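Reviewing the structure listed below.
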Amino acid sequence: MSGGRFRLGRNKKAKMRPEVNLTEDCHMTELLHMKDNYIREFDATITKVGQNYVVLDRTAFYPESGGQSGDRGVLKSGRTEAVVTGTKKKGEVRHYLSGPPPFETGMEVHGELDWAFRHECMRYHTAQHVLSRYLQLNHGLETQGNMVKPTESRADYAPIDDFSDELVAETEAAVNEILAKNLDVRIEFMPRKEAIEYLKKRKYQTRYLEMVPESVKNFRVVLIGDYDASACAGTHVGNTGEIGALRINKTKNVGAEKQRLYFSLTAP
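Going letter by letter, the sequence shown gives residues 368 to 635 in our numbering.
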């Protein structure tokens with residue numbers, strides 16, 4: 368494949384700016400997580416100050432999108448510190464603060480993620496990819512939506528009228544067998560046309576490919592061993608051994624031939 372290829376590592380602090388353009392649709396905020404999900408600290412410059420948020424020229428905070436919760440943490444400048452309560456993408460990446468911003472445009476800040484929260488999101492997001500892939504390949508179900516957050520996440524599947532106890536038990540056991548294989552997770556960047564052709568060959572859901580705006584010229588593809596390949600901008604662990612075991616807690620009917628699964632993870 369052409370494009371950039373990265374194995375998810377464990378860099379704690381961002382020192383170098385990535386060569387790949389990772390700012391599409393974010394008004395030139397460089398998204399450090401796109402290349403390395405393990406960055407915990409970074410330095411940046413404030414480019415905008417809002418009533419209760421700030422925008423940075425670069426960030427390791429994941430902005431809420433694609434069903435995954437936005438990151439939280441702190442921003443520091445000298446002795447001044449502000450708590451980041453959430454991060455969202457609204458044409459720009461906004462870092463929402465617990466109070467009025469104590470910063471000014473042009474100031475240099477040091478960002479620190481709430482790593483415990485971020486790593487939980489990474490574990491749950493990668494687990495959801497494996498869960499969805501299993502149900503797609505073995506039962507012809509497509510993922511209709513998801514919400515990835517610590518303690519319990521959910522995903523919607525169709526077409527299905529009911530998740531029987533037998534199907535739940537089968538799915539849980541099969542997914543845990545896959546997670547226990549300690550599959551490496553890596554990121555690859557591919558030109559749009561090449562990525563679409565590749566993902567279609569891997570039987571990725573074409574519904575999601577069609578939803579990606581034409582303005583996105585390069586796809587970020589998350590690969591879990593040889594088991595799954597998905598176009599995804601979210602954060603993921605570097606190996607399925609970090610996930611633990613998946614437990615399906617309950618199911619819910621959310622529409623015609625659509626069922627929702629709620630799941631949680633045990634400690635690895």
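Note that CB positions come from ideal geometry on N, CA and C, so glycine has one too.
All figures in this text were calculated on a predicted structure; none of them were measured in a lab.
Got a sec, what are the start and stop residues for the alpha helix (DSSP H) E568 sits in?
Sequence index remark: in the sequence shown, residue 568 carries index 201 (1-based). Before going further, note that residue 568 is Lys rather than Glu in the sequence given. For K568, the enclosing alpha helix (DSSP H) has its first and last residue at 559-568.
Three-state secondary structure (DSSP) at T573?
The residue you call residue 573 lines up with position 206 of the sequence shown. DSSP places T573 in helix when its eight states are reduced to three.
Of all the options K567, Y429, P468, which has the alpha carbon lying nearest to the alpha carbon of H492?
Along the sequence shown, one-based indexing puts residue 492 at 125. Y429 is the residue among K567, Y429, P468 whose C-alpha sits nearest the C-alpha of H492.
Whether or not the stretch 627-634 and the stretch 597-617 are in contact is what I'm after, with contact meaning three or more pairs of Cβ atoms, one per stretch, closer than 8 Å; do they touch?
Segments in contact, yes.
Who does N585 pair with in a DSSP beta bridge?
Walking along the sequence shown from the start, residue 585 turns up at place 218. When beta bridges are read from the DSSP output, N585 appears opposite P558.
Residue(s) in a DSSP beta bridge with G478:
Position 111 of the sequence shown holds residue 478. Beta-bridge pairing by DSSP links G478 to F409, L442.
Among D595, A522, A536, whose alpha-carbon lies nearest the alpha-carbon of V552?
As a working mapping, residue 552 is identified with position 185 in the sequence shown. Residue D595 is the option with its Cα nearest to V552.
Using the beta-carbon count (16 or more within 10 Å), is P468 buried or exposed?
Taking the first residue of the sequence shown as 1, we reach residue 468 at position 101. When all chains shown are included, P468 counts as buried.
What is the DSSP secondary structure of S597, counted as helix, strand or coil?
Sequence index remark: in the sequence shown, residue 597 carries index 230 (1-based). In the structure shown, S597 sits in a strand (DSSP, three-state: E or B).
How many angstroms separate the CA atom of Y420 from the CA atom of K457?
In the sequence shown, counting from the first residue as 1, residue 420 sits at position 53. In the sequence shown, counting from the first residue as 1, residue 457 sits at position 90. K457 has its alpha-carbon roughly 12 Å from the corresponding atom of Y420.
With distance defined between alpha-carbon atoms, name the residue in M395, A598, V589, N620 nearest to R606.
Walking along the sequence shown from the start, residue 606 turns up at place 239. A small correction: the amino acid at residue 606 is Asn; Arg does not occupy that position in the sequence shown. With respect to the C-alpha of N606, the residue from M395, A598, V589, N620 having the closest C-alpha is V589.
Give the straight-line distance between the Cα atoms of P385 and D410, rounded to the nearest whole angstrom.
Position 18 of the sequence shown holds residue 385. Position 43 of the sequence shown holds residue 410. Here P385 scores only 32 on pLDDT, less than 50, and its place in the model should not be relied on; the value that follows carries that caveat. In a straight line, the C-alpha of P385 is about 14 Å away from that of D410.
My output table needs one value for D532: the three-state DSSP class, helix, strand or coil.
Stepping through the sequence shown from its first residue, residue 532 is reached at position 165. The three-state reading of DSSP puts D532 in helix, counting H, G and I together.
Buried versus exposed call for Q495 [16 or more other C-beta atoms within 10 Å across all chains shown]:
In the sequence shown, residue 495 corresponds to position 128, counting from 1. The residue in question, Q495, is buried, as its Cβ has 16 or more Cβ neighbours within 10 Å.
Would you say A536 and L508 are within 8 Å of each other, going by their C-beta atoms?
Mapped onto the sequence shown, residue 536 falls at position 169. Mapped onto the sequence shown, residue 508 falls at position 141. Cβ distance not < 8 Å, so A536 and L508 don't count as in contact.
Those runs of the beta strand (DSSP E) which lie wholly inside the stretch 493-532 and span at least 3 residues:
For the stretch 493-532, whole beta strand (DSSP E) runs of length 3 or above, ordered along the chain, are 509-514, 520-525.
Quick check on G466: does DSSP put it in helix, strand or coil?
Looking up residue 466 in the sequence shown gives position 99. Of the three classes helix, strand and coil, the one that applies to G466 here is coil, per DSSP.
Would you kindly check if the distance between the Cβ of R439 and the Cβ of F484 is under 8 Å?
Residue numbering aside, residue 484 sits at position 117 when the sequence shown is read from its first letter. Residue numbering aside, residue 439 sits at position 72 when the sequence shown is read from its first letter. Yes.
Considering only DSSP beta bridges, list what V460 is partnered with.
Here residue 460 refers to the residue found at position 93 of the sequence shown. As a beta-bridge residue in DSSP terms, V460 pairs with K456.
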